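Asks: Pasting a structure below so you can have a look.
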Amino acid sequence: MSQLTRRDCLALAAGASAVAGLSGCATPDRASNADHASGPPLHELASEKGIRFGSAMSARQLDDSRYRDIMLRECATMVAENEHKWYTVYPDPDTVNFVPADRLVAFAVENGLTMRGHTLLWHRPQYSPKWVNELDFSSASDTADFVEQKIALLAGRHEPVIYAWDVVNEAIDDQTGAFRETSLSARMGEQLIDHAFHVAKAHAPNAKLTYNDFMSWESTSTAHRAGVLRFLERLKRRGVPIDGLGIQSHSNYEMPDEFTRDKQRNWIAFCDEVVGMGLDIYITEFDVNDTDLKPDIAYRDRLIAGYTRDYFDMMLAYPQLKEVLVWGMVDDQSWLQTFLPRADDVLKRPTLYDKDYKAKAVRTSLADAFRGAARRQAL
Ligand code: 9MR
Numbered sequence: 001m002s003q004l005t006r007r008d009c010l011a012l013a014a015g016a017s018a019v020a021g022l023s024g025c026a027t028p029d030r031a032s033n034a035d036h037a038s039g040p041p042l043h044e045l046a047s048e049k050g051i052r053f054g055s056a057m058s059a060r061q062l063d064d065s066r067y068r069d070i071m072l073r074e075c076a077t078m079v080a081e082n083e084h085k086w087y088t089v090y091p092d093p094d095t096v097n098f099v100p101a102d103r104l105v106a107f108a109v110e111n112g113l114t115m116r117g118h119t120l121l122w123h124r125p126q127y128s129p130k131w132v133n134e135l136d137f138s139s140a141s142d143t144a145d146f147v148e149q150k151i152a153l154l155a156g157r158h159e160p161v162i163y164a165w166d167v168v169n170e171a172i173d174d175q176t177g178a179f180r181e182t183s184l185s186a187r188m189g190e191q192l193i194d195h196a197f198h199v200a201k202a203h204a205p206n207a208k209l210t211y212n213d214f215m216s217w218e219s220t221s222t223a224h225r226a227g228v229l230r231f232l233e234r235l236k237r238r239g240v241p242i243d244g245l246g247i248q249s250h251s252n253y254e255m256p257d258e259f260t261r262d263k264q265r266n267w268i269a270f271c272d273e274v275v276g277m278g279l280d281i282y283i284t285e286f287d288v289n290d291t292d293l294k295p296d297i298a299y300r301d302r303l304i305a306g307y308t309r310d311y312f313d314m315m316l317a318y319p320q321l322k323e324v325l326v327w328g329m330v331d332d333q334s335w336l337q338t339f340l341p342r343a344d345d346v347l348k349r350p351t352l353y354d355k356d357y358k359a360k361a362v363r364t365s366l367a368d369a370f371r372g373a374a375r376r377q378a379l
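The following block contains the structure:
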């Protein structure tokens with residue numbers, strides 16, 4: 001599978017009349033003049049190809065009627081941005097708080113959307129409640145009992161509504177590729193992960209079970225990609241009930257115009273190995289970081305739209321790609337506004353809709369990528 005990058009396309013377009021015949025190059029001018037909300041909703045274009053499309057949503061956004069309208073028009077599925085995380089559900093040892101998660105699930109059910117679950121175990125101390133990080137278990141079996149109780153409650157709460165769970169999130173150190181150490185793995189090691197999947201299977205027997213992580217095509221991600229592959233191999237070897245890899249698809253550190261041919265090759269090699277293990281792939285948190293792009297809006301939108309078309313053309317070529325979720329729908333509400341903020345304080349444009357709830361060129365790119373995708377066996 002070989003793709004032309006946006007940079008390749010622009011270079012060719014500068015001098016070659018043959019550019020019209022190149023595949024994988026969305027023409028930026030056409031994209032910028034279009035009505036980007038026109039035509040069928042994204043979930044319809046996706047489902048015609050056997051793909052489920054949706055977005056993350058937070059409980060706060062339930063009170064935003066324009067946000068809700070976009071969700072209902074575009075999405076067939078949704079995922080809670082933070083409401084199923086341990087720090088929300090289990091903020092201290094004596095509290096269980098399902099209030100915001102229940103509101104989101106009720107919204108999905110009332111409106112005929114399906115719901116993904118994120119996440120039964122975020123294996124990363126930075127995002128784990130402080131009280132959990134401070135636990136000191138005396139044995140592996142004590143740890144296992146504790147983890148079972150927490151995961152069983154979470155996985156069972158919305159069974160059978162939640163059709164897929166990120167059982168484990170971000171267990172591999174993105175710098176070294178090693179399995180992270182936490183208070184929960186201190187006695188169990190990687191058996192903790194196997195246990196999490198087995199408990200999830202027992203309490204959400206109909207859900208697709210996923211390992212979710214943010215390894216990417218970026219050059220800074222080489223050790224992370226390798227670590228995730230070895231980790232998945234170990235899980236498969238031990239017979240862990242895992243159905244797929246959640247590829248978050250935040251392109252955080254390198255800009256969209258850096259998705260070069262070499263990086264595409266490395267990325268394809270990674271995805272080939274994943275599907276070669278018999279796993280499905282899910283894009284679970286797509287957005288595009290524009291921290292270092294010059295502020296001109298038309299310029300940024302053009303690069304982001306072009307990158308999005310390239311990325312999805314590549315990913316949708318895998319029949320194992322069964323669902324696509326974006327990490328939020330409206331620019332000014334994206335987590336990226338505060339993560340790696342722009343030096344000039346200009347609002348970032350990482351999602352499909354701008355702060356005025358108007359669809360951008362990137363939406364057209366995604367719609368076109370779905371139109372161009374082959375049909376596959378749905379989840
Ligand atoms: O978007 C989420 C942000 O609101 C939270 O503060 C943050 C910490 O819980 O998590 C963000 O979502 C992350 C997701 O859960 C896992 N992958 C990376 C996402 C962006 O950081």
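The numbering of the sequence shown is my numbering, which starts it at 1 and goes up by one.
From the three backbone atoms N, C-alpha and C, an ideal C-beta is built for every residue, glycine too.
Here the structure is a predicted model, which is why all the values come from computation and not from measurement.
Kindly indicate which three-state DSSP category valine 161 falls into: helix, strand or coil?
Replies: Coil, per DSSP.
Asks: Of all the CB atoms in chain D, is at least one closer than 8 Å to the CB of histidine 158?
Replies: Note that chain D does not occur in the displayed structure, where there is just one protein chain.
Asks: Using the C-alpha atoms, what's the distance from alanine 171 back to alanine 200?
Replies: The straight-line gap from Cα to Cα measures roughly 16 Å.
Asks: Check isoleucine 283 in the structure and name its three-state DSSP category.
Replies: Three-state result, isoleucine 283: strand.
Asks: Enumerate, from N- to C-terminal direction, the unbroken alpha helix (DSSP H) stretches of 4 or more residues contained entirely within the stretch 209 to 241.
Replies: The stretch 209 to 241 contains these whole alpha helix (DSSP H) runs: 222 to 237.
Asks: I need the straight-line Cα distance from alanine 101 to methionine 255, nearest angstrom please.
Replies: About 33 Å.
Asks: Measure how close the beta-carbons of leucine 336 and asparagine 289 come, nearest whole angstrom, since I'm counting them as under 8 Å.
Replies: Yes, leucine 336 and asparagine 289 are in contact; Cβ-Cβ is about 6 Å, under 8 Å.
Asks: From which residue to which residue does the alpha helix (DSSP H) around threonine 308 run?
Replies: Threonine 308 -> alpha helix (DSSP H) spans 297 to 316.
Asks: So is arginine 238 buried or exposed if we call it buried at 16+ other beta carbons inside 10 Å?
Replies: Flag for arginine 238 reads exposed.
Asks: Assuming tryptophan 86 contacts serine 58 under a Cβ cut-off of 8 Å, what Cβ separation, rounded to an integer in Å, is found between them?
Replies: In fact, because the Cβ distance is near 16 Å, the residues do not count as touching under 8 Å.
Asks: On the criterion of 16 or more Cβ atoms from any shown chain inside 10 Å, does glycine 328 qualify as buried, or is it exposed?
Replies: Buried, since its Cβ has 16 or more Cβ neighbours within 10 Å.
Asks: Classify glutamate 323: buried if its beta carbon has 16 or more other beta carbons within 10 angstroms, exposed otherwise.
Replies: Buried.
Asks: By alpha-carbon positions, which one of Thr220, Glu218, Leu229, Ala223 ends up nearest to asparagine 212?
Replies: Selected option, being the one with the closest Cα: Leu229.
Asks: Is arginine 73 buried or exposed, if buried means 16 or more other CB atoms sit within 10 Å of its CB?
Replies: Exposed: under 16 other Cβ atoms inside 10 Å.
Asks: Cα separation between proline 28 and leucine 104?
Replies: For proline 28, the pLDDT reaches just 46, beneath the cut-off of 50, and the residue's location in the model is therefore unreliable, although a value from the coordinates is still provided. Their backbone Cα atoms lie some 37 Å apart in a straight line.
Asks: Would arginine 265 pass as a contact of arginine 180 if the rule is Cβ separation under 8 Å?
Replies: No.
Asks: Using 10 angstroms around the beta-carbon of cysteine 133, count the other beta-carbons present and answer buried if the total reaches 16, otherwise exposed.
Replies: Looking at the sequence shown, residue 133 is not cysteine but asparagine. It is exposed - the Cβ of asparagine 133 has fewer than 16 other Cβ atoms within 10 Å.
Asks: When DSSP builds the beta bridges, which residues end up paired with histidine 118?
Replies: DSSP, once it has assigned bridges, lists Asp166 as partnering histidine 118.
Asks: In chain order, what residues of the same chain lie with their CB nearer than 8 Å to the CB of tryptophan 131, ignoring the 5 residues before and after it?
Replies: Closer than 8 Å at Cβ, skipping near neighbours: Asp92, Pro93.
Asks: Let me check understanding here. Comparing Cα to Cα, which of Tyr311, Asp313, Asp243, Met78 lies closest to serine 55?
Replies: The candidate whose alpha carbon is nearest that of serine 55 is Met78.
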